[in-house]
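> For what it's worth, UniProt numbering labels the leading residue of the sequence shown as 1, then goes sequentially.
Backbone N, C-alpha and C fix where the C-beta goes; we use that ideal spot for every residue, glycine too.
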Amino acid sequence: MSDESVKKIKKKLREKYTELRMSLDADSTEAKSREIHRHLFSTGVFLDSKTIHTYVSMNHRNEVDTYLLIENALELGKNIVVPRIESDTQLSHHHISSTGHLKRNDWGVPEPKGKGTASPEELDLVLVPMLSGDYERNRLGYGKGFYDRFLKQTDAVKIGLLFDIQMHDKQLPVNRFDVPLDLLITESGVI
1 MSDESVKKIK KKLREKYTEL RMSLDADSTE AKSREIHRHL FSTGVFLDSK
51 TIHTYVSMNH RNEVDTYLLI ENALELGKNI VVPRIESDTQ LSHHHISSTG
101 HLKRNDWGVP EPKGKGTASP EELDLVLVPM LSGDYERNRL GYGKGFYDRF
151 LKQTDAVKIG LLFDIQMHDK QLPVNRFDVP LDLLITESGV I
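1. Is there contact between the region 25-42 and the region 167-178, where contact requires at least three CB pairs shorter than 8 Å?
2. Hey, could you find the ends of the alpha helix (DSSP H) E15 is sitting in?
3. Could you name the residues of the same chain whose beta carbon sits closer than 8 Å to that of K50, not counting the 5 residues immediately before and after it, in chain order?
4. Can you tell me where the beta strand (DSSP E) holding G160 begins and where it ends?
5. Following the continuous beta strand (DSSP E) through E111, name the residue where it begins and the one where it ends.
6. Could you say which of V56, E111, L40, G143 lies nearest to T186 if we only look at CA atoms?
7. Can you name the start and end residues of the alpha helix (DSSP H) that L47 belongs to?
8. How far does the beta strand (DSSP E) with H53 in it extend, from its first residue to its last?
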């Protein structure tokens, strides 16, 4: 399949899974997010990780909530690193000690204040946002490529967080830029 064909199919899938995720109400999103946290916190990779990189969830997108996850991980003594958008193609990565150290950028994305950066080499675990995933652990992201570029820079275990409703029953279309994940976690368990 050509890159152009993959691009068109992905665009349609993004629309489908955005709509499905947005169909979840706030109470359902919160309850499902807590189940996902419970499954994540019981994995050996989470328990063994010292430094965890996580996206900061955007409630208006109905993403799996990471605010409580971040606070709980900090209470467990984990080092938390979150991304900040630096350009159209690049993320920088910053240590935080509280979700209070986040502020919304011009696009409404919560980001860390300050300049303390972290290197991809120091990460043990990366929690990745996604619109959809499949049972081969392929990821459908938002289409900008931020995470695919970043994930190529780290040997950390890569885990995608998503709701059952976002699981694609066939293999997602992939191209040479896509980075598969090591695990997916939904409210039903670990894939």
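So, to answer that:
1. Per the Cβ contact rule, the region 25-42 is not in contact with the region 167-178 (fewer than 3 Cβ pairs under 8 Å).
2. Its alpha helix (DSSP H) spans residues 3-22.
3. These residues qualify, in order along the chain: K78, N79, D124.
4. For G160, the enclosing beta strand (DSSP E) has its first and last residue at 157-161.
5. In the DSSP assignment, E111 falls within the beta strand (DSSP E) that extends over 110-112.
6. Measuring from the Cα of T186, the nearest candidate turns out to be L40.
7. Residues 44-48.
8. Taken as a continuous stretch (DSSP letters only), the beta strand (DSSP E) holding H53 covers 51-54.
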